[in-house]
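Protein chains in written order, with the working numbering: chain S, 1 to 446; chain E, 1001 to 1359.
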Amino acid sequence: MSALPRAALPGRLQRAPEGFLQPAQIREVAAGRRGFLRSAFAAAAGLRLAGAARAQPPGEEVILRPQPWATSLGQPVAAFPYGQPSKYEKNLMRRESPGLTRVSAASVAFSPLQGMFGIITASGLHFERHHQGWEDIDPSKHRLMVNGLVKQETVFTMDELMRLPSVSRIHFIECGANTGMEWGNVAVPTVQYTHGMLSCSEFTGVRLIDVLDHLGYDRKKGRYVLAEGGDGSGMTRTIPMELVESGEVLLAYGMNGEMLRPENGYPLRLVVPGVQGVSWVKWLRRIEVGDMPYATKDETVHYVDLMPNGQLRQYTSIQEAKSVITTPSGGQMLLDKGFYNVSGIAWSGRGKIKRVDVSSDGGRNWRSARLETPVLSKALTRFNIGWVWDGAPAILQSRAMDETGYVQPKINQLRAVRGTRSIYHNNAIQSWQVAQSGEVSNVQAY
Amino acid sequence: MSRLTEFLHGGLRVCASGCTALLFSVAPPAHAASENVAQVGDWKGIGRAATPAEVRAWDIDVRPDFKGLPKGAGTVARGQEIWESKCATCHGVFGEATHVFTPIAGGVHSEDLKAGHTASLLKPTEARTTVMKLSHVSTLWDYINRAMPWNAPRSLSIDEVYAVTAYVLNLGSVLPDDFTLSNENVAEVQARLPNRDGMTMDHGMWSVKGKPDVRNVACMKGCAVDVKVASVLPEAARPAHGNLADQNRTIGPVRGVVTAAQVAGTAPAVPSQGVAMLQLANKGACLSCHQIETKVVGPAFREVAAKYKGDPKAFATLIAKVKNGGQGIWGAIPMPPAQSLSDEEIGKLVRWVLDGTPQ
C-alpha cells in the first residue's frame, strides 16, 4: 500500500479511510486506485470550506453539534449482568491461524497482542490451546486426587481446595510453540500470529508444595510430579519437584478475580511459572509423585526439539527471555510522520526482566526503554519508548535482558545451535520493517 | 534406561528400597514452604483417603519402566480390524495421515531398528511421523489407552489397546504381521524401537538454573554494521489471515492494513447462509472429512446432494446418519456421530447440503 495522503497540517493524525469513506470509495482504495483518495481529501476540505461560507470552519461537528449520547438517557445498570467490551472493539478477538492445525478441537486461538495494554490479558482474550476440545466441568463433580509417593493418597473436592490457604500471583503463560512458525522463515503477518500464544493473568490457588507437605510426600525419591487433566486427552506432563519445592507451582482456580474460564481449565489448573503452557495442565484431576519422568505423548512425540544432529531434545520446558513490540507491529499502518509511543512486552521464565532495549535501525543502535511497574518475576513486563518517525524506512526491534544477565538472542544465533527444523522455544528478537508508506511488516533482519 | 539416570539432579541419591520408612519422617520442609503460607497441620479433615478402586480408576499412566501397564495381549491382525473401523477416519488406512491428523507411520528403515536412532529425522524433506520420533512403547500404549479414539476416549478394552499399539508399530515397520504384543514381550519391543536412543536431556531448559544455548550481548552503539533483511512475508501470505484492517482497533496511532477486497464497515453484520452453515459444520467437526466440492475422507457435500436428489426420504435419512453415524454408502470408513450439534442444527445443516450448499 502506498502512502496515505498527509493532512494539511503537518504532524496531525489523519483518520484511516475506512473510518469516513463510503463503501464504494473504500472499494476504490482496496482496488489500488489511490489517486482517488487524494481527491477525496481535497473534496472533503472543499466541502467544509463551502459550508463555512469561505471562512475557516468554526470547529468540529462532534464538538459544535450535540451528540446523541449527550442528549439522551443512557442504559440502566446491569443492562448486561456480565459486562462486554464496547461494540467498537470487536476487531480484537482470539483468532486461529489458517492452515496451522487441521482440526479446531486440537488447535490454537491466538491473543490479539496488537491491541492490548499493560500486562494483564483480559480473560476473554486469553489464548487457547486444546488437545481434545474444551469442556465446562461441573465443579461439584470435579475431584483432585494426589497419589504415588505420598503417605496418604488423598482426594480433594473443590470445596476443600478452596478452604486451604490461598496465594495470588501474576504470571505469564506461553505455549512452547509460540513463534514456532518462524523458525525457518517469516510466515505470518501480525504479532497476534507470531506471538499470540502468550497471556498473563493473576492466578489464585493453593501452593502444590503445601498440599504435598500436608500429605507427607517422599522428598528423596519423589523428584517428579505427573500432572493429569480430566478432559478427553487426559493431558499429562512431568514437572520437576525442584520447581514445586520453589513454592511457585499452584493448584489454581482463580484467574483475574473470577474463576478460571472453561477454556483455561475451569475449575482447576496447574500453574507452573516460567514453564511452557503445556505443563499448566487444565481441568487438573490428578497429581502423582514419582521417581522418574513419565515420557508422556506430549513430552516424547510432541514438544520435543529436533536438533541438527537428528537428536530430539526432551523435556525442554523453561521459556527463556523474550520480548516483542506490539505497537506498531506487523500488519499495521502508521498514519503519519512524527511521534510514536513504541510499546511492547517482555518476559522471562528465569525471573524478572531487567532491561529492554529498542532499535529503530535494524539493530545497529539501541536505546533502553522505560519499564512500567510492576516488574514481576515470570510475568509480562510492559515497556514504552518514544520514537519520532521521519518517514524513512526503518526496522524496529526490541531486546530483553533478564535478571540472570541473559540477553534475548537473534534468530541466526539460535539457528546456529538449533538449526531450522525446531518448532518450539523460538525466543528470537522480532523485527518489524516500517516502509515509507507507513506499512509495518514482519521481516527477519540481522 | 541409562538415559533416565540423567534426570536425577545434582547430587540426588536414589534411595534403595529399604529406606522407604525414612522418607515419611516429619522433618520440617527445607524449601520455600517455610514461608509460613501453609500452617501445615491445621488441615485435619480436609481431603479424604482415596480408595483403592478410585486410584485404580484414575491412575492409568504407564511409565517408561512399564509401571502401570496392565496385563493383556493383542495381535497385529486384531489391531488392523480396530484401526480400520475406529482410527482410519482420522489417521488414514495406513497411518499416512488425512486431513485430520499428521502421519503416524512411515520414514522408518530396518537399519534404524539396529541403530536406535531414526536416520530420516536428519532429512529436511521428510515429514516427521509418530513412529520416527517415538522413543518409548509405553508412550504409545499410554496415549492410545487414555485418549483414543479421539471422539470416544477410553472406549477400548485393554487387549484392544495392545492390538492397536501392535498395529501402529506394524505400520511403522517395527513389528511383523503375525506379532502378538503383550505385557510379557513389551520390553523386547522397546529394544527394537527405531528411535529408542533418539532423545537427549543435554540442554539447559529443564531446570530454571540451566545454561542457555546462546549468549547474546547487549551492544548499544554501532553494533551490527551490515544489517540484512533475510526473510520477508511472502506476498501470498499477506492476505492469508484475512483482512488485517478488521483485526486492529479503529482508533489510536495505527490502523490495520487493508489486505482484502472486502473492507471493514462494508461487510454485512450477519454472515451469509453459506458462511453460517460452514461455521456450523466446523462446530460439528464435519469439515475434517467433508468439503463442499471435493471428496476428502468422506464425500463432498455436492456429491451427497446429487446422490439424494429427488429422494423424498433424503432429509430424514441424512439426519439419522449425521446424528448416529454411518458407514458403507460411500466406502468402508465410518462417519462418527456428530455429538456436538443439536437436532435443530443437524436439521439446518442437512437441509443446506440437500439444497446444494447455497452461498
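Even for Gly, the Cβ is constructed at its ideal location relative to N, Cα and C.
In angstroms, rounded to a whole number, what distance separates the CA positions of residue i and residue j?
i	j	result
Ala1105(E)	Leu113(S)	38 Å
Val206(S)	Ala252(S)	6 Å
Ala445(S)	Gln192(S)	20 Å
Trp1141(E)	Tyr224(S)	21 Å
Thr179(S)	Val1137(E)	31 Å
Ser1342(E)	Trp134(S)	17 Å
Arg1351(E)	Cys1286(E)	15 Å
His126(S)	Phe117(S)	13 Å
Trp432(S)	Gln397(S)	7 Å
Val278(S)	Thr1200(E)	19 Å
Met1335(E)	Val1257(E)	42 Å
Ser166(S)	Phe203(S)	10 Å
Pro66(S)	Lys87(S)	21 Å
Gly254(S)	Val211(S)	17 Å
Gly1068(E)	Thr121(S)	40 Å
Lys220(S)	Asn1145(E)	31 Å
Arg418(S)	Gly1326(E)	47 Å
His1203(E)	Ser107(S)	28 Å
Leu21(S)	Gln1273(E)	Any answer about Leu21(S) is weak, because its pLDDT of 47 lies below 50 and its placement is not dependable; what the coordinates show is given next. Roughly 28 Å between the two C-alpha positions.
Leu1354(E)	Arg1238(E)	36 Å
Phe41(S)	Gly59(S)	Any reading at Phe41(S) must be qualified, since the residue scores a pLDDT of 46, below 50, and its modelled position is unreliable; the value itself is stated next. Straight-line Cα distance between these residues: approximately 17 Å.
Pro1337(E)	Ser199(S)	35 Å
Thr300(S)	Gly1310(E)	52 Å
Pro76(S)	Pro68(S)	16 Å
I want to verify the contact list: residues of chain E whose CB lies under 9 Å from the CB of residue i, in sequence order.
i	result
Thr327(S)	Gly1252, Pro1253 and Val1254
Asn256(S)	Result: empty, since nearest Cβ-Cβ is about 21 Å, beyond 9 Å.
Glu202(S)	What Glu202(S) touches in chain E: nothing, since even the nearest Cβ is about 17 Å away.
Could you check which residue in the options has the C-alpha nearest to that of residue i?
i	options	result
Val1168(E)	Val1093(E), Ala1147(E) and Lys1114(E)	Val1093(E)
Lys297(S)	His1203(E), Lys1071(E) and Val1131(E)	Val1131(E)
Tyr1308(E)	Ile1329(E), Cys1289(E) and Arg1215(E)	Ile1329(E)
Lys1221(E)	Arg364(S), Ala321(S) and Tyr294(S)	Arg364(S)
Ala346(S)	Gly338(S), Tyr340(S) and Val358(S)	Val358(S)
Pro1176(E)	Gln1080(E), Leu1278(E) and Ala1119(E)	Gln1080(E)
His131(S)	Cys175(S), Leu92(S) and Phe156(S)	Cys175(S)
Gly1252(E)	Gly234(S), Ile120(S) and Pro328(S)	Pro328(S)
Val244(S)	Ser233(S), Gly230(S) and Val275(S)	Val275(S)
Val324(S)	Arg269(S), Asp291(S) and Ile395(S)	Ile395(S)
Val449(S)	Ile209(S), Pro293(S) and Met292(S)	Lying outside 1 to 446, the shown extent of chain S, residue 449(S) is not represented and no answer is given.
Gly438(S)	Gln430(S), Arg415(S), Gln413(S) and Asp390(S)	Asp390(S)
Anything in chain S within Cβ reach of residue i, meaning under 9 Å, just list it in chain order.
i	result
Asp1112(E)	Residues of chain S passing the Cβ test: none, with the nearest at roughly 11 Å.
Leu1134(E)	Thr300 and Val301
Can you tell me whether residue i sits near the ligand NAD, meaning its C-beta is under 6 Å from at least one heavy atom of the ligand?
i	result
Arg350(S)	Because no ligand of any kind appears in the structure shown, any question about the ligand NAD cannot be addressed here.
Leaving aside the five residues before and after residue i along the sequence, list all residues of the same chain whose C-beta is less than 6 Å from its C-beta, in chain order.
i	result
Glu128(S)	Ala109 and Glu263
Glu1345(E)	Leu1280
Tyr406(S)	Ala321
Ala1077(E)	none
Lys1086(E)	Pro1149
Gly230(S)	Trp283 and Arg285
Leu376(S)	Ile170
With a threshold of 8 Å on Cβ separation, who are the neighbours of residue i within its own chain once the five nearest residues in sequence on each side are excluded?
i	result
Leu47(S)	Any reading at Leu47(S) needs caution, since the residue's pLDDT is 48, under 50, leaving its predicted position unreliable; the model's value is listed next. So no residue of the chain qualifies.
Gln1291(E)	Ala1300 and Phe1301
Gly216(S)	Val150, Lys151 and Gln152
Arg370(S)	Phe383, Asn384 and Ile385
State the beta-bridge partners of residue i as determined by DSSP.
i	result
Glu439(S)	Met333(S)
Leu284(S)	Gly229(S)
Ala394(S)	Val434(S)
Gln444(S)	Ser1231(E)
Thr1075(E)	Thr1180(E)
His1290(E)	Lys1295(E)
Ile1144(E)	Paired residues: none, contrary to the question.
Glu174(S)	Leu198(S)
Counting only Cβ pairs nearer than 8 Å, list the residues of chain E close to residue i.
i	result
Glu288(S)	Asp1059 and Asp1061
Asp357(S)	Ala1218 and Met1220
Thr179(S)	Simply none; closest approach about 13 Å.
Can you pull the chain S residues whose beta carbon is under 8 Å from the beta carbon of residue i, in chain order?
i	result
Thr1200(E)	Met307, Gln311, Leu312, Arg313 and Gln314
Glu1054(E)	Met145 and Val155
I want to verify the contact list: residues of chain S whose CB lies under 7 Å from the CB of residue i, in sequence order.
i	result
His1203(E)	Arg313 and Thr316
Thr1125(E)	Simply none; closest approach about 11 Å.
Take residue i and list the residues in its own chain whose beta-carbon comes closer than 7 Å to its own, dropping the five residues that flank it on each side.
i	result
Ile1333(E)	Ala1088, Thr1089 and Val1297
Pro1212(E)	Gly1204
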